[in-house]
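Q:
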Amino acid sequence: MDKKIKPNIPAYFYWSATIALMIVFLIVGRSILVPLAWAILFSFLLVPLVIFLEKHGWKRPLAILTSLVLFLIIIGALFYFLGSQVVAISSELPSITGKLSVYINDAKDFIEAHLNIIPQGSDLQKLLVGQVEKVASYFLKHVTTIGQTLMYVFLMPVFVYFLLYYRELPAKFVRERYRDRENRESVSHVFFKIQKMIEKYLVGVLWLTATTAVMDFIVLISLGVNYALFFAVMIALLNLIPYVGNLIAMIVVVGYALLTSDSLLVPLLTLGLLWAANILQENLVRPWLVGSSTKINAFVVLISVIVGGMVWGVSGMVLFIPIVGVVKIILEEVPTLRPFAVFLSDTGKVTEEEEPEKQDTESEES
9 MDKKIKPNIP AYFYWSATIA LMIVFLIVGR SILVPLAWAI LFSFLLVPLV
59 IFLEKHGWKR PLAILTSLVL FLIIIGALFY FLGSQVVAIS SELPSITGKL
109 SVYINDAKDF IEAHLNIIPQ GSDLQKLLVG QVEKVASYFL KHVTTIGQTL
159 MYVFLMPVFV YFLLYYRELP AKFVRERYRD RENRESVSHV FFKIQKMIEK
209 YLVGVLWLTA TTAVMDFIVL ISLGVNYALF FAVMIALLNL IPYVGNLIAM
259 IVVVGYALLT SDSLLVPLLT LGLLWAANIL QENLVRPWLV GSSTKINAFV
309 VLISVIVGGM VWGVSGMVLF IPIVGVVKII LEEVPTLRPF AVFLSDTGKV
359 TEEEEPEKQD TESEES
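Add 8 to the 1-based position in the sequence shown for this note's numbering, that's all there is to it.
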């Protein structure tokens, strides 16, 4: 009688296949998953206001719609401000390109005088000026498109509404799926830790953004840089992308200061003071406000930003950080996967539990 031979497939094959399928799923489903991920974050942001209104006698649909409308008004006002400032700055492009031509001629004269090299100045000048105009036009076009997309996208508000309306479903699912008390407490504790992590992350990000905007606005307005409020808000928003965002923002601001100032002192001071403010934010403010929420190390944050950008674009560079934080919590709570959480931890060890399991379960059951 023939015996069926079971193939001995290594465990790493399953893990590799699982990770590959997850990446494919994230890429293929990005049109739904990206607004859904943003909606989950925004729903955590709005749920305190919704609960407050419900406690004061508001019906749930009305409380959710009111909170959502207020949120959209704030976001719309922010993007209207940014868009109007971008349009105003675009009117200065001719003078900026003219100033760039002067710098190119000065550089050409310096090279001819000191290095005995005769560069093709006219060709170089036309090339650089043309590229600046193309980059500026591309930037202005896509900033407007991004603003309109974020303001008028349909799926995100719908997702936020339903996530807030059916917010008790995860707790009900746990009670129905896990009848025995031990498993129910374990799963409830995972949900509790994820909820607290996201809440702390959002609060930290909001405070970090506000602190960055205020610090950079003080620096720019004291140096007399035009559109100081716009650039401060831009730096604060780009600072949501660790490492990469602040670098891009500083290049834009210092470049603008260089091309619109009459001396090199203003751009040099802008670079130095913004760099000092960035060091203070990254080494003191960010670890205090944001780092304590996700508890993932800097290398994993950098990888998350890179992979997130490859998979979901700019949204992925922001969203993958809390997503990795959720993955870390799940790894910590599964005994067989617990050692892998060490690679993500900022301390090299698994995070200790913050609340007793019994208390978590009682909060879920209530």
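The C-beta atom is built at its ideal place from N, Cα and C for all residues, glycine as well.
Grab the span of the alpha helix (DSSP H) containing residue 209 for me, first residue to last.
A: By one-based count along the sequence shown, residue 209 stands at place 201. Taken as a continuous stretch (DSSP letters only), the alpha helix (DSSP H) holding residue 209 covers 189 to 231.
Q: By Cβ distance, which residues of its chain are closer than 8 Å to residue 55, with the 5 residues on each side in sequence left out?
A: Position 47 of the sequence shown, counting from 1, holds the residue named residue 55. Excluding positions up to five away in sequence, the list reads 172, 175.
Q: If you draw a straight line from the C-alpha of residue 167 to the C-alpha of residue 21, how long is it?
A: Counting from 1 along the sequence shown, the entry for residue 167 is found at position 159. Counting from 1 along the sequence shown, the entry for residue 21 is found at position 13. Using only the alpha carbons, I get a separation of about 36 Å.
Q: Mind checking who residue 304 pairs with in its DSSP beta bridge?
A: Sequence index remark: in the sequence shown, residue 304 carries index 296 (1-based). 353, per the DSSP bridge assignment.
Q: When the Cα atoms are used, what is the spatial distance from residue 78 to residue 109?
A: On the sequence shown, position 70 is the one that residue 78 refers to. On the sequence shown, position 101 is the one that residue 109 refers to. Approximately 47 Å between the Cα atoms of the pair.
Q: Measure the beta-carbon distance from residue 326 to residue 248 and round it to whole angstroms, keeping in mind my assumption that it falls under 8 Å.
A: Within the sequence shown, numbered from 1, the residue matching residue 326 stands at position 318. Within the sequence shown, numbered from 1, the residue matching residue 248 stands at position 240. The pair is a contact, with the Cβ atoms about 5 Å apart (cut-off 8 Å).
Q: Counting pairs of beta carbons, one from the segment 326 to 344 and one from the segment 197 to 205, are three or more of them closer than 8 Å?
A: The answer is yes - the segment 197 to 205 touches the segment 326 to 344, with three or more Cβ pairs under 8 Å.
Q: Taking DSSP as the reference, what is the three-state secondary structure of residue 23?
A: By 1-based counting over the sequence shown, the position of residue 23 is 15. Helix.
Q: Using 10 angstroms around the beta-carbon of residue 318, count the other beta-carbons present and answer buried if the total reaches 16, otherwise exposed.
A: For the purposes of this step, residue 318 is taken as the residue at position 310 of the sequence shown. Flag for residue 318 reads exposed.
Q: If you measure between the beta carbons of residue 282 and residue 309, is that distance less than 8 Å?
A: For the purposes of this step, residue 282 is taken as residue 274 along the sequence shown, with counting starting at 1. For the purposes of this step, residue 309 is taken as residue 301 along the sequence shown, with counting starting at 1. No, they are not a contact pair.
Q: Counting only the same chain and skipping the five closest in sequence on each side, list residues whose C-beta sits under 7 Å from that of residue 48.
A: Working through the sequence shown from its first residue, we reach residue 48 at position 40. The residues are 171.
Q: In chain order, what residues of the same chain lie with their CB nearer than 7 Å to the CB of residue 225, ignoring the 5 residues before and after it?
A: Reading the sequence shown from its first residue, position 217 is the one you call residue 225. So the list reads 236, 237, 240, once near-sequence residues are dropped.
Q: What is the DSSP secondary structure of residue 243, counted as helix, strand or coil?
A: Walking along the sequence shown from the start, residue 243 turns up at place 235. Reduced to three states, the DSSP call for residue 243 is helix.
Q: Could you compute how far the alpha carbon of residue 292 sits from the alpha carbon of residue 180?
A: The residue you call residue 292 lines up with position 284 of the sequence shown. The residue you call residue 180 lines up with position 172 of the sequence shown. If I take the Cα positions, the gap works out to 40 Å.
Q: Do residue 267 and residue 104 have their C-beta atoms within less than 8 Å of each other?
A: Within the sequence shown, residue 267 is the residue found at index 259, counting from 1. Within the sequence shown, residue 104 is the residue found at index 96, counting from 1. Taking 8 Å as the Cβ cut-off, residue 267 and residue 104 qualify as a contacting pair.
Q: Would you identify the three-state DSSP class for residue 59, choosing helix, strand or coil?
A: In the sequence shown, the residue the question calls residue 59 occupies position 51. Helix, per DSSP.
Q: What is the DSSP secondary structure of residue 249, counted as helix, strand or coil?
A: On the sequence shown, residue 249 is found 241 positions in, with the first residue counted as 1. DSSP places residue 249 in coil when its eight states are reduced to three.
Q: Given a cut-off of 8 Å, decide if residue 246 and residue 254 are closer than it, judged by their beta-carbon atoms.
A: Taking the first residue of the sequence shown as 1, we reach residue 254 at position 246. Taking the first residue of the sequence shown as 1, we reach residue 246 at position 238. For residue 254 and residue 246, yes; Cβs fall inside 8 Å.
Q: Starting from residue 289, trace the alpha helix (DSSP H) in both directions and tell me its first and last residue.
A: For the purposes of this step, residue 289 is taken as residue 281 along the sequence shown, with counting starting at 1. Per DSSP, residue 289 belongs to no alpha helix (DSSP H) and is neither H nor E.
Q: With DSSP collapsed to three states, give me the class of residue 176.
A: Here residue 176 refers to the residue found at position 168 of the sequence shown. Note: residue 176 maps to coil in three-state DSSP.
Q: Buried or exposed: where does residue 72 fall if 16 or more other Cβ atoms within 10 Å of its Cβ makes it buried?
A: Residue mapping note: residue 72 aligns to position 64 of the sequence shown, counting from 1. Answer is buried; the Cβ neighbour count reaches 16.
Q: Among 162, 101, 23, 264, which residue has its Cα nearest to the Cα of residue 80?
A: Sequence index remark: in the sequence shown, residue 80 carries index 72 (1-based). Considering only alpha carbons, the answer is 162.
Q: Who are the Cβ neighbours of residue 369 in its own chain at under 6 Å, not counting the five residues just before and after it?
A: For the purposes of this step, residue 369 is identified with residue 361 of the sequence shown, where counting begins at 1. Low local confidence applies: a pLDDT of 42 at residue 369 is under 50, so the model's placement there is unreliable, with the coordinate-based value given in what follows. Here the set comprises 193, 196.
Q: Apply the 10 Å Cβ neighbour rule to residue 209 and answer buried if 16 or more other Cβ atoms are within range, or exposed otherwise.
A: Along the sequence shown, read from residue 1 onward, the residue named residue 209 stands at position 201. Residue 209 comes out buried.
Q: Where do the N-terminal and C-terminal ends of the alpha helix (DSSP H) with residue 86 fall, by residue?
A: Mapped onto the sequence shown, residue 86 falls at position 78. Counting along the chain, the alpha helix (DSSP H) containing residue 86 begins and ends at 68 to 98.
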